[in-house]
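Protein chains in written order, with our numbering: chain A, 26 to 439; chain B, 26 to 439. Beneath this line is the structure, given in structure tokens, with notes to follow.
Listed below in structure tokens is the structure:
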């Protein structure tokens, strides 16, 4: 073991870091991030590398019908349900080197560390790469774990299309990622996911890790603004019914609401589509959408109500019709109290500065927490920045998270 | 001749109207407009109908290499240069039944009227459908007449791509519209175009026709706003550098500038592209564009300067970088004074209420006016609305314009 190793129990910090950088170079962007949207050519390459490393580590591979890849380290009891470690290798467009990737590659390193230490476990350990967590190319996100759980039908997932009209099922075949393992899949004994925080708290407070207690209240907002088409170079300005102008008013109103409810809640308009999107045509149809998040359902309801009030004002002022809908409500999930306590205790034993905290956004762990005891471990990320080429954590921060993961999984699989 | 005919010289008002409605049904939209973007399947159908009607009228057809269709009524002097009547059958997405279409179909009716009346002309008369005037699918617009004039290279036009990446030259072949007549083509003796006004003046003043004196000063504006990517559900609101928020500020600022310079000038932001355009990602790149128009170059320069000032303010307030460019400057073209006077005199003879006025937007006639004496005739359009499914003029308004066109062309070709 080299000088880079954090504690004596087995994570090879340099190997984990090297793996993160190597994977990050696949679909690497000029800005230092990665672009591996689900079932793209780059995602295929990233998956091939994961399989290579898993085989190198002696793990047994299988792939299910939605492309989730399972790399299994057998246990001594062939009838025991596995302890699962998972996250995702797909990224935003562009995304960073850590979101999701850390959880998968730390899982591999946990298996290698156990093997290096000669540790046999009773239960098998399975490292999972879930298909399409990000939803960057195909909606909805958190897809592979939902199909595995049976909360999203395989047929529905396979029929999804990306903005270019390519069908998910066809892309799964084209990239060679359609396996034969059945879905829904059996729930594991327990599930562990290591992830960057995606917020600023751990870094600001100088902490090493967090055990996540709960998720936030979320929903998505959609507005369809109906204007009237006309010629931008000839129609009298007072007669214009420009849907894009009402969209602009909404974007600013939503941003102001987000600023006023932070940090417990957040919202920014982030998606716009505009028709006919030609310089000589007044936009007659503009669609906007956004994600609403708040630590508490009541706070989310307040954000929704304030957006509704702003939209009513904008409709009244512009005379344009705006159809507004909030849907895809997700209530907070509460993580397993015993695992949280176990993680906090382990961290203390290992000398890691730890706290408990909620997560604002969704992870595959939310899906799993409905099926089995689930632990979500956070490590710091620089400036709280994620979904960004600038996303970053240090080799030591990553390794400390992996050490805690190793310790918890070793106990769970013992 | 039936009761619908306006004056005795030969335009069949009901036939012209029937042709407009029949053509308008090709690519017809639920909202009462038409969608025949250049070299689409619908444009191919519209062109086939035009060829059918032209052959039915005894005209000789040829197509040039950019797909401009010429329907020729021979004159008695085989060496004489033709008098040309033209406009375009392609539409915005969606567009109306009159913009461009009226000019082409009135040209056909002029030829039929001369034949019905047994009139031979010395010069040939050619009715032209110019390819891609609208620029709705392939940029730039006013393309076919520019290639014919030699101001746009054929190779450059053929290489243009639409937003789906389809290449114009391939679409020209696919739709069977690539002819063998050479480009650039010879300038005609004179050029006449009949068009709806696309503004409210003729209707408001109760006039029948206008002779257009000049065009406006135009340019196009382009902004590239650089934000920073990040997670919409986790990045602290004060740290967000949301390019779409700055775009929204620009949209509102531009609309306010447009309102303050109307009616002599106009501007509205009408095109937006946003990356990565995903609900969980803060937009890191947003592009906006708009068309600037003013009757006078100095007024255009003032609009550009005010937009520059607003962008500087928004950059300063948001801390975001915005690259701003105004280009594609087009100076006013001055139409032929003799033809304007001739048109005014003819209108008076025919009892049509007429005035002279400028045009705000571009037409194929602007391109032709650099090559030969050119006349642009306007008829009223309801509410000044165009580039719209609601675009409208009446059968009588259309026929009066065609009568003036017939009278002017008959004299020019005599």
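Glycine included, C-beta positions come from ideal geometry on N, C-alpha and C.
- Check the Cα spacing between residue 301 of chain A and each of B:45, B:39, B:192 and B:62: the tightest is with B:62.
- A straight-line Cα-Cα distance of about 43 Å links residue 243 of chain B and residue 330 of chain A.
- Taking a C-beta cut-off of 9 Å against chain A, none of the residues of the segment 339 to 365 of chain B qualify.
- Beyond the five residues adjoining it in sequence on each side, residue 129 of chain B comes within less than 6 Å, by CB distance, of 112, 114 and 154 in the same chain, given in chain order.
- In this structure residue 141 of chain A is exposed. Its beta-carbon is surrounded by fewer than 16 other beta-carbon atoms within 10 angstroms.
- Within 7 Å of the CB of residue 318 of chain A, the CB atoms of chain B belong to 258, in sequence order along the chain.
- Membership of residue 140 of chain B in the alpha helix (DSSP H) is indicated by the continuous run 126 to 141.
- Going by DSSP, residue 346 of chain A is part of the beta strand (DSSP E) stretching over 346 to 355.
- As computed with DSSP, residue 402 of chain B is found in a beta bridge with B:219 and B:236.
- When the alpha-carbon of residue 345 of chain A is set against those of A:93, A:253, A:273 and A:179, the nearest one is in A:253.
- Contact between the segment 300 to 318 of chain A and the segment 167 to 185 of chain B is not established, with fewer than three Cβ pairs separated by less than 8 Å.
- The segment 175 to 190 of chain B makes no contact with the segment 135 to 152 of chain B; the number of CB pairs closer than 8 Å stays below 3.
- Given a length threshold of 4 residues, each whole run of the alpha helix (DSSP H) inside the segment 296 to 367 of chain B is given here in chain order: 322 to 343.
- Neighbours of residue 43 of chain B in chain A, taken as residues at a C-beta separation under 9 Å, are lacking, since the least C-beta distance is about 25 Å.
- Between the segment 119 to 126 of chain B and the segment 58 to 72 of chain B there are three or more C-beta pairs closer than 8 Å, enough to call the two in contact.
- Pairing residue 381 of chain A with residue 359 of chain A gives a Cβ-Cβ distance that is not under 9 Å.
- The C-beta of residue 371 of chain A has 16 or more other C-beta atoms within 10 Å across all chains shown, which makes the residue buried.
- About 25 Å separates the Cβ atoms of residue 180 of chain B and residue 397 of chain B, ruling out a contact at the 8 Å cut-off.
- Straight-line spacing of the CA atoms in residue 310 of chain B and residue 247 of chain B works out to 13 Å.
- Flagged as an interface residue toward chain A: residue 302 of chain B, by a C-beta distance shorter than 9 Å.
- Residues of chain B with a Cβ closer than 8 Å to the Cβ of residue 435 of chain A do not exist, since the nearest Cβ in that chain sits about 30 Å away.
- Within the model, the alpha-carbon separation for residue 116 of chain B versus residue 284 of chain B is close to 27 Å.
- Per DSSP, the beta bridge partners of residue 256 of chain A are A:306.
- Contacts between residue 388 of chain A and chain B, judged by CB atoms closer than 9 Å, are missing: the closest CB pair is about 11 Å apart.
- Residue 193 of chain A carries a helical assignment under DSSP once its states are collapsed to helix, strand and coil.
- Using beta-carbon distances, residue 182 of chain B does not count as an interface residue toward chain A, since no partner is under 9 Å.
- Under a 10 Å Cβ-count criterion, residue 77 of chain A is classified as exposed, with fewer than 16 other Cβ atoms of the shown protein chains found around its own Cβ.
- Pairwise C-beta distances place the segment 402 to 416 of chain A in contact with the segment 251 to 266 of chain B, as three or more of them are shorter than 8 Å.
- Around the Cβ of residue 80 of chain A, a 10 Å sphere holds fewer than 16 other Cβ atoms; the residue is exposed.
- Note: residue 89 of chain A is bridge-paired with A:206 in the DSSP secondary-structure output.
- Between residue 378 of chain A and residue 41 of chain A a beta carbon distance of about 20 Å is seen, past the 8 Å cut, so the two are scored as non-contacting.
- Out of A:126, A:133, A:45 and A:50, the CA that lies nearest to the CA of residue 85 of chain A is found in A:133.
- Taking 9 Å as the threshold, the shortest C-beta distance from residue 405 of chain B to chain A does not fall below it.
- The count of Cβ pairs closer than 8 Å, one atom from the segment 268 to 278 of chain B and one from the segment 385 to 397 of chain B, stays below three, leaving the stretches out of contact.
- Under a 10 Å Cβ-count criterion, residue 88 of chain A is classified as buried, with 16 or more other Cβ atoms of the shown protein chains found around its own Cβ.
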